Amino acid sequence: MAKYKLDDTDHQILDMLIENTRTPFTDIAKKLNISAGTVHVRVKKMEEAEIILGSTLTLNYEKLGYAFIAYVGIFLKNTSQTKFVLERINDIPFVTVAHVTTGKFNVFCKIRARNTQHAKEIIFQLDDIEGVYRTETMISLEESMNDKKRLMHSIFKDL
């Protein structure tokens, strides 16, 4: 992995890309009074240093019909089955996040579904995975906050 030290220009580029990953390099260059080539080279170096791992697309799940969110805690029969269970979870596209955790659950997942019936089907798929002892589900009444931008801005201010 290439070593790369962030300077003020890098921070400004990252700030603009955090706000909108589709911002053209020419627009960033104009705002920073540098060339688009400089922006391109700096972004490429940050990608090579694995500071930037790609870009994301933010979707309006409600408009797409997938506003139902639930969190599923998974208890395993044996922790040695964690890798196998995670591989099976990965086969279920409606499980959008999975964490191996300490505490009450072995694995904690976020699911997105069309409605309660669809969520039930997804939860049953999780329950049916070999090695899963049982699950415990919490339904999200509202996603009040989902903002990675604030965290990213804070991290880059500290660098």
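Using the UniProt record's numbering, read the sequence shown as starting at 1 and increasing by one per residue. C-beta atoms are modelled at their ideal positions from N, C-alpha and C, and glycine is treated no differently. Owing to the predicted nature of the structure, the values given are computational and were not obtained by experimental measurement.
Legend entry - Where the alpha helix (DSSP H) through Ala29 begins and ends: As a first step, residue 29 is located in the sequence shown; it is residue number 29 there, counting from the start. Segment 25-32, the alpha helix (DSSP H) holding Ala29.
Inset, instruction - Assign Met145 to buried or exposed, taking buried as 16 or more other Cβ atoms, counted over all protein chains shown, within 10 Å of its Cβ. - result: Start at 1 with the first residue of the sequence shown, and residue 145 comes out as number 145. Counting Cβ neighbours within 10 Å, Met145 comes out exposed, since fewer than 16 surround it.
Inset, instruction - Output the distance between the C-alpha atoms of Lys120 and Tyr66, rounded to the nearest integer angstrom. - result: The residue labelled residue 120 in the question sits at position 120 within the sequence shown. The residue labelled residue 66 in the question sits at position 66 within the sequence shown. Those two C-alpha atoms are separated by around 14 Å.
Inset, instruction - Using only the heavy atoms of the ligand GTP, determine whether one of them is closer than 6 Å to the beta carbon of Ile122. - result: The ligand GTP is not part of this structure, which contains no ligands at all.
Legend entry - At least 3 beta-carbon pairs within less than 8 Å: the segment 85-92 vs the segment 54-61: no
Inset, instruction - Check Lys5 in the structure and name its three-state DSSP category. - result: Position 5 of the sequence shown, counting from 1, holds the residue named residue 5. If DSSP states are grouped into helix, strand and coil, Lys5 belongs with coil.
Legend entry - Rounded distance between the beta-carbons of Lys104 and Gly73, thought under 8 Å: Position 73 of the sequence shown, counted from the start, is the residue given in the question as residue 73. Position 104 of the sequence shown, counted from the start, is the residue given in the question as residue 104. With 8 Å as the limit, Gly73 and Lys104 qualify as a contact, their Cβ atoms being about 6 Å apart.
Legend entry - Neighbour-count burial assignment, Glu19, 16 or more Cβ in a 10 Å radius: By one-based count along the sequence shown, residue 19 stands at place 19. With fewer than 16 other Cβ atoms within 10 Å, it is exposed.
Inset, instruction - Determine the DSSP secondary structure at Ala70, reduced to helix, strand or coil. - result: In the sequence shown, residue 70 corresponds to position 70, counting from 1. Three-state DSSP puts Ala70 in a strand.
Legend entry - Minimum length 4: unbroken alpha helix (DSSP H) runs contained in the segment 94-135: 116-127
Inset, instruction - Assess, as a yes-or-no matter, whether the segment 76-83 is touched by the segment 103-118 under the definition of 3 or more beta carbon pairs within less than 8 Å. - result: yes
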